[in-house]
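See below for the structure under consideration.
Protein chains: 2
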Amino acid sequence: MDIKGFQFAAVEAAIKKQGRKDLALIFSEAPATAVAVFTTNAVKAAPVLLSAERIKSCRAQAMVVNSGNANACTGEQGMRAARETSRQVAEGLGIPEEAVQVSSTGVIGVQLPMDRVRAAIPALVDGLNSGTLDDVAEAIMTTDTFPKMEARSGQAGGVTYTVAGIAKGAGMIMPNMATMLSFIITDAAVEAPALDRCFRRAVETSFNAITVDGDMSTNDTCLVMANGMAGNPAIAAGTPEALAFEALLQEVLLSLAQQIVKDGEGATKFVEIRVAGARSDADAKRAAMAIANSSLVKTAFFGQDANWGRIFAAVGSSGAEVDQTLLSLSFDAVCMAKNGIFAGGDAEALGTEALRKKEFTVSVGLGLGNGSATVYTSDLSHEYVSINADYRS
Amino acid sequence: MDIKGFQFAAVEAAIKKQGRKDLALIFSEAPATAVAVFTTNAVKAAPVLLSAERIKSCRAQAMVVNSGNANACTGEQGMRAARETSRQVAEGLGIPEEAVQVSSTGVIGVQLPMDRVRAAIPALVDGLNSGTLDDVAEAIMTTDTFPKMEARSGQAGGVTYTVAGIAKGAGMIMPNMATMLSFIITDAAVEAPALDRCFRRAVETSFNAITVDGDMSTNDTCLVMANGMAGNPAIAAGTPEALAFEALLQEVLLSLAQQIVKDGEGATKFVEIRVAGARSDADAKRAAMAIANSSLVKTAFFGQDANWGRIFAAVGSSGAEVDQTLLSLSFDAVCMAKNGIFAGGDAEALGTEALRKKEFTVSVGLGLGNGSATVYTSDLSHEYVSINADYRS
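These protein sequences, in sequence, are chains A and B.
Just so you know, we're using the numbering used here here: the first sequence kicks off at 1 and counts up by one.
Just so you know, we're using the numbering used here here: the second sequence kicks off at 394 and counts up by one.
Now the structure itself:
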């Protein structure tokens, strides 16, 4: 990956456990255009409150992130900890404090051990010469079983640029960004309005189209920094270059989002849920999310049980406009039901066969209009329960 | 239980499995005043469509119910099956077809085996002399592990009357009546408007205040029949007798609702969730239900983990108005957090102790107003996953 003007570092600050890197830094050699989206949860972590305020300037030059502690539900002390972290990093880098974004993930309600964070920051800043984006991707993992990375290259004005991203997820993933951190960097020059528009649209069909358990965290953050060091003419909103950039960005985000679902806590299945024929796209997404969040549907996926009736029940409870006599459903290419009733024939056997695969698609037709949506989810397994019953201990 | 003028029967129709009663009948010797509430799912079972239409008259004299098959997502054939069942029962009883309510529970999307139902109805009607309400409670069980019954007696105009009820639940229980059947009978004379008002209010604080997994079924039905055979002067709306009747009804319904939660699929904990200090009662219920439906919160209950931060995260994502600096939380009498942060001291050890009990209360204060709500839920265990991964097989 050739991405110009970014440096990386990760160190072990022993924030929660010994023996793993848990404090990481991304630094752009030049001030970058930056936008971000944060959790919509009314309970927001201290670093979210701080970073959301700072990003209004559409500028950032560094992102410091820790795992092992969410710094959420920590009150004034938590806010001071987030500010102090960013101040120390800014001093080490010789940049304004306001150019530092701060992010945290881990257990809620415990104060950040600032003595250890403070002690680790000098080595973190010094490590920028030798670190990689992979190091950061590993340092932000919590219950993740593998680091999540993606990169793509494109061209603008004859200049090649790269978009790279990392993410962490695992449990608590749902629409509107739940315990999920993702940091996207690009050396493309992109004007702030273009970056904002491209980014928000790409988030909508990627991170906001996945769900593992329907829960929403206090810490979700997705940030993009564009430092312009590729040297292309700055991409402006509404141009063909902006469309191409958005497509590239969407590919990176969708790949990261899908990696998150595949690494969903205890996931044994990766399921693409497509809803078509809805009265509106919003209705389609409502129905798709209701399916993706239904515990009954997800346990049936785990059990490889072609229980299409539970899926219709989820659609019916979604709030989307539904005429039950028009509903249809397929597992991959196997039509299980049409006109609201069982399709008959070999559907049961063939549908069960489809669900035995590790990845499959559920397609639901509402027969009412042209609205459609696609979301991605996992199953609900014994392992999910084990992980979450024991997570803190 | 002395309840006048009701007869009961249950037989084995072998609708799904051999060796258990799966077709039941409740018959009132006199036409009864009756009201009912049904699932709000847009996908409704055939018997729900039929019964909802008939109950508009506020009259019923019999309820026929089968387990083992939901008769949902079964189209026109399913409607014919529900109608034929009611017609045959009506003929056997010598009452109008419209006076028969029909209900089904079980697997979705499979046609009812009408040959077996047809063959079983004569014995069902004949059995009315010898059956009990207990027999009906057992016949409607699906994944329930025990039958659910409750009865209370009261007085109106110097006359003693009784309210008795049965229910089935287990999985798929959530607000607005999800896979749950409940049939309430009383020999009190109650005018239709009074019965309707008392019943709907009692449902709101009982069946609509419980949740096991947040799913909503296609078949939920809660019906009350008042046949007047106790001989009291008919209870009219807005009278002290109506208030007393409503209190009694609420006790019966709440007991049944709590039995359903205690028998929630795989439940090892019974949790009462109280939210106070909300801007409105509706906000309080929204917050309480968000807690009760959070997979992360429920797995923490299963793990006996005093993870109050997950509860705050659920409250924050509920849509209720929240100021995170005002939030407080207790497990039983142990204050875990106040002003949005950890309460300190022995809270962790004492809170964990509270969660080790089979039943405990979670109290959340929002600090904003006078709105309050109480809901009941269970934990999310390995057993839940096992039951629902295998339910159809």
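A virtual CB, placed ideally from N, CA and C, is assigned to each residue, including glycine.
Those residues of the segment 686-707 of chain B placed with their C-beta closer than 9 Å to a C-beta in chain A are Asn-686, Ser-687, Ser-688, Leu-689, Val-690, Lys-691, Thr-692, Ala-693, Phe-694, Phe-695, Gly-696, Gln-697, Asp-698, Ala-699, Asn-700, Trp-701, Gly-702, Arg-703, Phe-705, Ala-706, Ala-707, ordered along the chain. For B:Thr-611, there is no enclosing beta strand (DSSP E), as DSSP gives it neither H nor E.
Interface flag for A:Asn-71 against chain B is unset, since no Cβ pair is found closer than 7 Å. A:Asp-220 sits buried, since 16 or more C-beta atoms from the chains shown fall within 10 Å of its C-beta.
Around the beta carbon of A:Lys-358, a 10 Å sphere encloses fewer than 16 other beta carbons of the protein chains shown; the residue is thus reported as exposed.
For B:Gly-485, no beta strand (DSSP E) segment is defined; the enclosing uninterrupted segment is the alpha helix (DSSP H) at 468-486.
Within the segment 740-782 of chain B, the runs of alpha helix (DSSP H) that reach at least 4 residues and sit entirely inside it are, in chain order, 740-748. When DSSP states are grouped into helix, strand and coil, B:Ser-687 belongs to the coil group. The CB of A:Lys-44 comes closer than 8 Å to the CB of Gly-709, Gln-717 in chain B, given here in chain order. Close partners of B:Ile-734 in chain A (Cβ separation under 9 Å): Cys-73, Thr-74, Gly-75, Glu-76, Gln-77, Gly-78, Gly-109, Gln-111.
In the DSSP assignment, A:Ser-57 falls outside any beta strand (DSSP E) and carries neither an H nor an E. A:Phe-146 carries a coil assignment under DSSP once its states are collapsed to helix, strand and coil. The bridge partners DSSP lists for B:Met-456 are B:Ile-419, B:Gln-494. Exposed is the label assigned to A:Asp-323, since fewer than 16 other Cβ atoms lie within 10 Å of its Cβ.
Straight-line measurement puts the Cα of A:Gly-316 at about 10 Å from the Cα of B:Thr-432.
A distance below 6 Å between beta-carbons, with the five flanking residues on each side excluded, links A:Ala-234 to the following residues of its chain, in chain order: Ala-189, Glu-191.
Under the 10 Å beta carbon count, A:Glu-246 is surrounded by 16 or more other beta carbons and is classified as buried. Only Ala-730, Asn-732, Gly-733, Ile-734, Phe-735 from the segment 721-749 of chain B bring a Cβ to less than 8 Å from some Cβ of chain A. Residue nearest to A:Phe-301 within the set A:Gly-277, A:Glu-353, A:Phe-6 is A:Glu-353 (criterion: CA-CA distance). In the three-state reduction of the DSSP assignment, B:Lys-731 falls in the strand class.
For A:Ala-257, the closest of A:Asn-232, A:Glu-53, A:Ile-166, A:Glu-241 by C-alpha to C-alpha distance is A:Ile-166. Its chain contains Pro-147, Met-149, Ile-166 as the residues whose beta carbon lies nearer than 6 Å to that of A:Ala-137, once the 5 sequence neighbours on both sides are disregarded; these appear in chain order. Identification of residues in the segment 34-58 of chain A having a C-beta nearer than 9 Å to some C-beta of chain B yields Thr-39, Thr-40, Asn-41, Ala-42, Val-43, Lys-44, given in sequence order.
Within its own chain, the residues whose Cβ lies closer than 7 Å to the Cβ of B:Phe-753, once the five positions on either side in sequence are excluded, are Val-664, Phe-724, Asp-725, Ala-747, listed in chain order. At the C-beta level, B:Ala-623 and B:Asp-580 come within 7 Å of one another. Within chain B, the residues whose beta carbon sits less than 7 Å from that of A:Thr-218 are Ala-706, Gly-709, listed in sequence order. Across the structure, B:Arg-667 and B:Arg-703 are spaced so that their CA atoms are roughly 16 Å apart. When the alpha-carbon of B:Asn-686 is set against those of B:Arg-480, B:Ala-602, B:Pro-586, B:Arg-545, the nearest one is in B:Ala-602. CA-to-CA, the gap between A:Ala-267 and A:Val-362 works out to about 17 Å. One alpha carbon belongs to B:Ser-765, the other to B:Ala-680, and they sit about 10 Å apart. Ranked by Cα distance from B:Ala-671, the options B:Ser-711, B:Asp-589, B:Gly-696 are led by B:Ser-711. A distance below 7 Å between beta-carbons, with the five flanking residues on each side excluded, links B:Met-534 to the following residues of its chain, in chain order: Ser-460, Pro-540, Lys-561.
Spanning the alpha carbons of B:Ala-403 and B:Asn-522 requires a straight line of approximately 11 Å. Exclusion of the five residues before and after A:Lys-4 leaves Asp-187, Met-229, Ala-230 as the residues of its chain whose Cβ lies within less than 7 Å of its Cβ.
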